[in-house]
Amino acid sequence: MNARIIADSVYCIHADIETGDLFEGIWPIPNGVSLNCYLIKGEKTVLVDLFRDWTDASQQVETALASAGVYFSQIDYLILNHLEPDHTGWLREFRELNPKARILSTARGINLVKSFYKIEDGLEAVKDGDTLDIGGRTLTFYEIPNVHWPETMAVWDAASGALFPCDAFGSFGALGDRVFDDEFNEKEHAFYEAESLRYYANIVSSFSIFVERAIQKLAALPIACVAPSHGIVWRKDPQRIIGRYGAYAAYAKGPAEKEIAVIWGSMYGNTKTGLDAVIRGIEKEGVPYTTRRVPDENVSWVLADAYRCSGLVLAMPTYEYAMFPPMAYVLDIFRRKHIHGKKVLRIGSWGWAGGAKKEYEQAIESLKWTSVESLEWAGRPTEDELKLLEARGAELARAVISGEQ
Ligand code: FEO
C-alpha cells in the first residue's frame, strides 16, 4: 500500500496484519490489526513509531515509505512513543539499516530501548513539553504515561494539527487501502467502533484513569487529526474517537451502557434452562442484552461486552465443588482488567452438591459489584424456581435501568 497524505509533508504509513496469531499472545484478531507509523518531512525526516515484523509488515512499510520517496536509511529521527513490541519489534533491524538515526523517547522509553533491545547509541530522552525543530516545523512531546505502558508519550505537529498518540484512540481491524474516517461509511464505522471497544477493553481498560488524564491534558490542543498507532486516522471528526475513548474510560468507574451482558456455560442444559427464564425476565423489562457462552466464545468478546454493559448475568453450573472452570477464567480476567461496579445476577445448577458460591465470592471480592440475590438449584429447575429466576432477571433489568449503585 502507498503512503497516505495527512497534510503537507505528513504521511500515514501502515501495515495490515492479517494472521491467526493472537495479539499480545492472548487476543484473537480475526479482522486483523493495522500497525500505523507516520512520516513527517521537514529539513530532517522523522518516523513516528515503528512496527513489529509480523507477517510481512516490514515489506508493507518499506513499500509505503518508498511511495513517499523515503528509505529507512534516510530517517533522521525515529520517535518511539511507546515501547511495546508491536511498535518496536523491528528496532534492531532498523538500527542495522540506519546506524545514524537519533532515537527519541521518554526517559523510561530510552531505558526500555536499552533493556529490551540492547541498543545504547544514538538515544535521546525527551520530556513533557520538549520540542524538536526539524527545519520547517516543530514537533512537541507530551507524556501520557500508562496509555498504555508507563513510558508512553504523544507527539504533536502544530503545523498540521496532527496528534500522534500511539495506542490511545486505537482499534483492532485491518484498514486496507483506506485509512481516513471520511473514507468509511457508517456501517463500516459501526464495525470499527465494535473493534475499538474490544481493543480498549482488552488492552487499555486497566489504565482508564490515565486515559482520562491524557484526554484532559491534550484537550487544549487544536487537534485537526488524531493519528493513532492502530486503526482509523481521524481527520474529518477527530472528536468522534476522542469522545468514544472518554466514554470507554468512564465505563471503568461502574455505570456504563444500560444493557446486560449474559455470560453463561452449561454442562447438560440445566443451567441453560434456568438462564432462559432469567432472559424472559430481562426481555419483559425491555433491557437490551447480549449473550456469550463460555468456553465456546473467546474471553476477548466476553470482556468487551462486560466492560460496556452496566449489568451482568453469570450463569454457570457447579463443577467439582467449585465454579465451572471457564467461568473462573473469565472472572480472573475481569479481576485483572478491573471490571468494577457492575450489577450482577449469578445463577446455576448443581449435581450432587453446590460449591460455586464460595469460590465466586472470593473471585469478585475486589470488584465492587452490586448483586441481585443469587439462585442455585439441584439438577433441573422446578416451576417455582423458574418463576423465581424470571423475577430475578427482571429485578436485574430494573436495577440496570435505574442506574443506581
Ligand atoms: Fe500497540 Fe501497547 O502497543
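The numbering of the sequence shown is the numbering used here, which starts it at -7 and goes up by one. Glycine is no exception: its CB is placed at the ideal position from the N, C-alpha and C atoms. Since the model is a prediction, treat every value here as computed from it, not as a measurement.
Option nearest residue i by Cα separation, candidates the options
{"i": "residue 27", "options": "256, 295 and 51", "result": "51"}
{"i": "residue 185", "options": "224, 218 and 208", "result": "224"}
{"i": "residue 82", "options": "60, 99 and 47", "result": "47"}
{"i": "residue 60", "options": "273, 5 and 84", "result": "5"}
{"i": "residue 209", "options": "226, 188, 234 and 141", "result": "234"}
{"i": "residue 287", "options": "280, 316, 302 and 271", "result": "316"}
{"i": "residue 306", "options": "-2, 254 and 78", "result": "254"}
{"i": "residue 284", "options": "318, 275, 273 and 311", "result": "318"}
{"i": "residue 68", "options": "53, 31 and 296", "result": "31"}
{"i": "residue 156", "options": "303, -2, 370 and 366", "result": "-2"}
{"i": "residue 389", "options": "188, 159, 274 and 152", "result": "274"}
{"i": "residue 238", "options": "93, 160, 190 and 195", "result": "160"}
{"i": "residue 260", "options": "140, 342 and 168", "result": "342"}
{"i": "residue 15", "options": "175, 166 and 171", "result": "166"}
{"i": "residue 149", "options": "134, 295 and 337", "result": "134"}
C-alpha gap between residue i and residue j, whole angstroms
{"i": "residue 313", "j": "residue 115", "result": "56 angstroms"}
{"i": "residue 203", "j": "residue 76", "result": "17 angstroms"}
{"i": "residue 422", "j": "residue 1", "result": "The question about residue 422 has no answer, for the chain in this structure spans -7 to 397."}
{"i": "residue 57", "j": "residue 291", "result": "37 angstroms"}
{"i": "residue 91", "j": "residue 322", "result": "46 angstroms"}
{"i": "residue 251", "j": "residue 300", "result": "8 angstroms"}
{"i": "residue 352", "j": "residue 309", "result": "12 angstroms"}
{"i": "residue 117", "j": "residue 144", "result": "12 angstroms"}
{"i": "residue 262", "j": "residue 378", "result": "11 angstroms"}
{"i": "residue 38", "j": "residue 217", "result": "18 angstroms"}
{"i": "residue 137", "j": "residue 104", "result": "14 angstroms"}
{"i": "residue 333", "j": "residue 392", "result": "12 angstroms"}
{"i": "residue 54", "j": "residue 44", "result": "13 angstroms"}
{"i": "residue 29", "j": "residue 41", "result": "5 angstroms"}
{"i": "residue 33", "j": "residue 127", "result": "9 angstroms"}
{"i": "residue 385", "j": "residue 370", "result": "19 angstroms"}
{"i": "residue 280", "j": "residue 271", "result": "10 angstroms"}
{"i": "residue 417", "j": "residue 297", "result": "Outside the displayed span of the chain (-7 to 397) sits residue 417, for which this structure offers no information."}
{"i": "residue 395", "j": "residue 327", "result": "22 angstroms"}
{"i": "residue 65", "j": "residue 107", "result": "24 angstroms"}
{"i": "residue 123", "j": "residue 295", "result": "39 angstroms"}
{"i": "residue 164", "j": "residue 244", "result": "20 angstroms"}
Collapsed DSSP secondary structure at residue i in the structure displayed
{"i": "residue 6", "result": "strand"}
{"i": "residue 70", "result": "strand"}
{"i": "residue 203", "result": "helix"}
{"i": "residue 145", "result": "strand"}
{"i": "residue 77", "result": "helix"}
{"i": "residue 352", "result": "helix"}
{"i": "residue 250", "result": "strand"}
{"i": "residue 124", "result": "strand"}
{"i": "residue 337", "result": "strand"}
{"i": "residue 323", "result": "helix"}
Sheet register partners of residue i (DSSP bridge)
{"i": "residue 100", "result": "DSSP, once it has assigned bridges, lists no residue as partnering residue 100."}
{"i": "residue 311", "result": "314"}
{"i": "residue 28", "result": "6"}
{"i": "residue 183", "result": "According to DSSP, which records beta bridges pairwise, residue 183 is partnered with nothing at all."}
{"i": "residue 55", "result": "Answer is none; residue 55 lacks a bridge partner."}
{"i": "residue 294", "result": "DSSP lists no partner for residue 294."}
{"i": "residue 21", "result": "Answer by DSSP bridge pairing: none, since residue 21 is not bridged."}
{"i": "residue 256", "result": "285 and 307"}
{"i": "residue 37", "result": "33"}
{"i": "residue 172", "result": "225"}
{"i": "residue 94", "result": "69"}
The beta strand (DSSP E) enclosing residue i, as first and last residue numbers
{"i": "residue 164", "result": "Looking at the DSSP string, residue 164 is not in any beta strand (DSSP E), and its letter there is neither H nor E."}
{"i": "residue 156", "result": "154 to 156"}
{"i": "residue 284", "result": "281 to 285"}
{"i": "residue 367", "result": "362 to 370"}
{"i": "residue 134", "result": "130 to 135"}
{"i": "residue 241", "result": "Careful: residue 241 lies outside any beta strand (DSSP E), inside the alpha helix (DSSP H) at 230 to 243."}
{"i": "residue 115", "result": "115 to 118"}
Delimiting residues of the alpha helix (DSSP H) encompassing residue i
{"i": "residue 329", "result": "Careful: residue 329 lies outside any alpha helix (DSSP H) and carries neither H nor E."}
{"i": "residue 419", "result": "The displayed coordinates of the chain run from -7 to 397. Any statement about residue 419 would go beyond what the structure contains."}
{"i": "residue 391", "result": "375 to 394"}
{"i": "residue -4", "result": "Counting along the chain, residue -4 falls outside any alpha helix (DSSP H), though it belongs to the beta strand (DSSP E) covering -4 to -1."}
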